[in-house]
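Read through the structure below, which is laid out as structure tokens, and then see the notes.
In the working numbering, the protein residues as written are 338 to 686.
Written as structure tokens, this is what we have:
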């Protein structure tokens, strides 16, 4: 536990940034660069040497990077992921005893009063509002969520490698007018999924795609100016409320439901079930996210424990079928053994 605290502190002080790659730095110079007491820096640095996070330099009183420490440099993408893992995970996990003592030995049933919000001192707020109070952490989280591998943006959409082949959507789009909505990405962030749809599924027009999210997310997506998304419709929307786009051929939910307890997940699906066109049996709600694996694996269950702190959960096939059924939907589950990703297609029961 002390190892985590030490490298997290050095990350926050950007100590790893001041250690030259391929060289070394004295603890004295490192302390000056961080405006910190030399004896304090030396003690922490030598502890990290002892745990293998850093290595001794060629000169007395010098340290250098280990094999793993460049990952903690602020310029490395994994640095943000480390910070998020600590903020979303360890900070909350350490608060579990007090949280469950206060709220009872049960899962959070709403988006407020979660272990995460409790640990950060704002139990009355949902996790994303807590993060907004800490701009640097919110920025780290946002950068992490833009990683294609982390948010599942590298998932194949067509062909034999795809868990679910979306190529039918291209033929469906050709039967629609160019201004009719075909694909709605609900809570779609920066539009990564719609960009992939437009790239690999022939026949879908940008004007037939709708990107829905919170206002500030859409503003960031628009400011990014991705030419592939220039003609899509951007729409502010709270997916707990009635779905304003009716009759689309597909509603995407990528990495959404795992953030919510069952009752709220059913509510999100119910809003989309009501929006499905009654006259189009091909229309689908498609869920794309990490599944709960059996037998358990450490990494997969670690994610589930993190979701527990945030008020959500990973679900297996039966968990997915259950919430779909409660929302009035039939479901077909697509997964492969050992693969943490699943695709669930849902239609009117």
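Glycine is no exception: its CB is placed at the ideal position from the N, C-alpha and C atoms. Keep in mind it's a predicted model, so treat the numbers as computed, not measured.
Per DSSP, the bridge partner or partners of residue i
i	result
residue 522	548, 589
residue 667	684
residue 621	587
residue 361	401
residue 628	652
residue 678	627
residue 572	549
residue 391	402
Buried or exposed by the 16-neighbour rule on C-beta atoms within 10 Å, applied to residue i
i	result
residue 509	buried
residue 589	buried
residue 546	buried
residue 522	buried
residue 414	exposed
residue 626	buried
residue 667	exposed
residue 339	exposed
residue 603	buried
residue 539	exposed
residue 451	buried
residue 674	exposed
residue 437	exposed
residue 583	exposed
residue 441	exposed
residue 467	buried
residue 532	buried
residue 514	exposed
residue 687	The first residue shown for the chain is 338 and the last is 686, placing residue 687 beyond what the model contains.
residue 669	exposed
Nearest-angstrom Cα separation, counted from residue j out to residue i
i	j	result
residue 615	residue 686	11 Å
residue 573	residue 654	31 Å
residue 542	residue 364	58 Å
residue 511	residue 552	31 Å
residue 489	residue 580	Since pLDDT at residue 489 reaches only 49, below the 50 mark, its modelled position is unreliable, and no value is offered.
residue 350	residue 612	49 Å
residue 691	residue 587	With the chain running from 338 to 686 in the structure shown, residue 691 is simply not present.
residue 599	residue 495	30 Å
residue 345	residue 592	27 Å
residue 578	residue 684	19 Å
residue 374	residue 380	10 Å
residue 473	residue 676	33 Å
residue 575	residue 517	21 Å
residue 385	residue 376	14 Å
residue 661	residue 597	14 Å
residue 503	residue 636	28 Å
residue 537	residue 658	29 Å
residue 649	residue 444	9 Å
residue 609	residue 342	43 Å
residue 383	residue 481	30 Å
residue 459	residue 425	14 Å
residue 462	residue 470	10 Å
residue 475	residue 642	21 Å
residue 558	residue 544	16 Å
residue 427	residue 638	14 Å
Among the options, the one whose alpha carbon lies nearest that of residue i
i	options	result
residue 355	459, 595, 406, 340	406
residue 507	534, 499, 444	534
residue 619	598, 353, 682	682
residue 435	586, 419, 454, 421	454
residue 403	409, 390, 412	390
residue 371	357, 388, 347	347
residue 644	464, 657, 382	464
residue 697	376, 472, 595, 656	Not covered by the structure: residue 697. The range shown for the chain is 338 to 686.
residue 623	383, 476, 501	501
residue 400	352, 422, 411, 408	352
residue 524	461, 605, 564, 467	605
residue 555	479, 505, 519	479
residue 585	561, 607, 520, 449	520
residue 410	621, 638, 357	357
residue 671	397, 427, 499	499
residue 449	529, 412, 601, 408	601
residue 621	398, 631, 680, 632	680
CB-CB length for residue i against residue j, believed under 8 Å
i	j	result
residue 527	residue 678	The pair is not a contact, with the Cβ atoms about 20 Å apart (cut-off 8 Å).
residue 689	residue 456	Since the first and last residues shown for the chain are 338 and 686, residue 689 lies out of range.
residue 647	residue 640	Residue 647 to residue 640, Cβ: 11 Å. No contact.
residue 629	residue 656	7 Å
residue 477	residue 417	4 Å
residue 378	residue 367	6 Å
residue 361	residue 395	6 Å
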